[in-house]
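Following: one structure in structure tokens, then a few remarks.
Numbering (the numbering used here), first residue to last: 14 to 242.
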């Protein structure tokens, strides 16, 4: 868990610096930073999709995951609940920035593989590397959206901590295929977030979050019944 603690600390530190920069930053500079982060999210999302889709042994799972997960998320209406919660503490566009930060910090390959490597092989290299990258990214995000982005560090700690515990308990059942499919869906969600920031298409990205739990469930069931690859 040392790597996760370091990763969380770097986000807090980056948000502190970015929050200080934002106070003296003119509106047009904040706007260009938001555009930059939109393009970053689009680029990272496309990269995750193209990099892992070719390795998929279950090319239909991400479609099913997005469809089923989207319906579940819309039923609960995670997007609306999240926006209402954040609006109690902020009147600006923090909700959009925070949802983007959570996706960027939690859905990257390093953030998913890191806790698993740490749990199974006691290797924190991925998490330490991810911490440095997230620290820089959080400076830019907080410069655009404010110090409230630091709340994403709490989510990241819970996310990576859960993956760490899951890997410890389910070490024998955890497979590279599951991780690959989760990363593909995560890449699509990051891409969706980037499109929203750029104003190209207002996507209900948070309502699609339940899609992330569908791939491991489907793969586990398929392997239990001797189906698939």
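Where is the CB? At the ideal position from N, CA and C, for every residue including glycine.
Its chain contains 155, 160, 163 as the residues whose beta carbon lies nearer than 8 Å to that of residue 29, once the 5 sequence neighbours on both sides are disregarded; these appear in chain order. Taking C-beta atoms under 8 Å as the contact rule, residue 20 and residue 147 qualify, at a distance of about 6 Å. Taking a C-beta distance under 9 Å as the contact criterion, residue 125 and residue 218 do not qualify as a contact pair. Taking residue 106 as the centre and dropping the five residues before and after it, the same chain places the C-beta of 158 closer than 7 Å to its C-beta, in chain order.
Residue environment analysis places residue 237 among the exposed positions, since fewer than 16 neighbouring C-beta atoms fall within 10 angstroms of its C-beta.
If you compare the alpha carbons of 140, 80, 98 with that of residue 118, the shortest gap goes to 140.
Under the three-state reduction of DSSP, residue 106 is assigned to coil, being neither helix nor strand.
Judged by DSSP secondary structure, residue 149 falls within the alpha helix (DSSP H) whose first and last residues are 138-158. CA-to-CA, the gap between residue 32 and residue 233 works out to about 43 Å. Excluding five sequence positions before and after residue 229, the CB atoms of its chain that fall closer than 8 Å to its own CB belong to 191, 194, 195, given in chain order. Here residue 74 has 194, 228, 231 as same chain residues with Cβ atoms under 6 Å from its own Cβ, once five neighbours each way along the sequence are excluded. Residue range 164-182 is occupied by the alpha helix (DSSP H) that includes residue 176. The residue among 18, 17, 204, 84 with its C-alpha nearest the C-alpha of residue 224 is 84. In the DSSP assignment, residue 18 falls within the alpha helix (DSSP H) that extends over 15-36. Across the set 172, 97, 62, 211, the C-alpha of 172 shows the shortest separation from the C-alpha of residue 18.
The C-alpha of residue 168 lies about 30 Å from the C-alpha of residue 235.
Beyond the five residues adjoining it in sequence on each side, residue 176 comes within less than 7 Å, by CB distance, of 125, 128, 129 in the same chain, given in chain order. Within the same chain, 19, 20, 23 come within 6 Å of residue 144 by CB-CB distance, once the 5 residues on both sides are set aside. Residue state for residue 204 is assigned as helix, using DSSP reduced to three classes.
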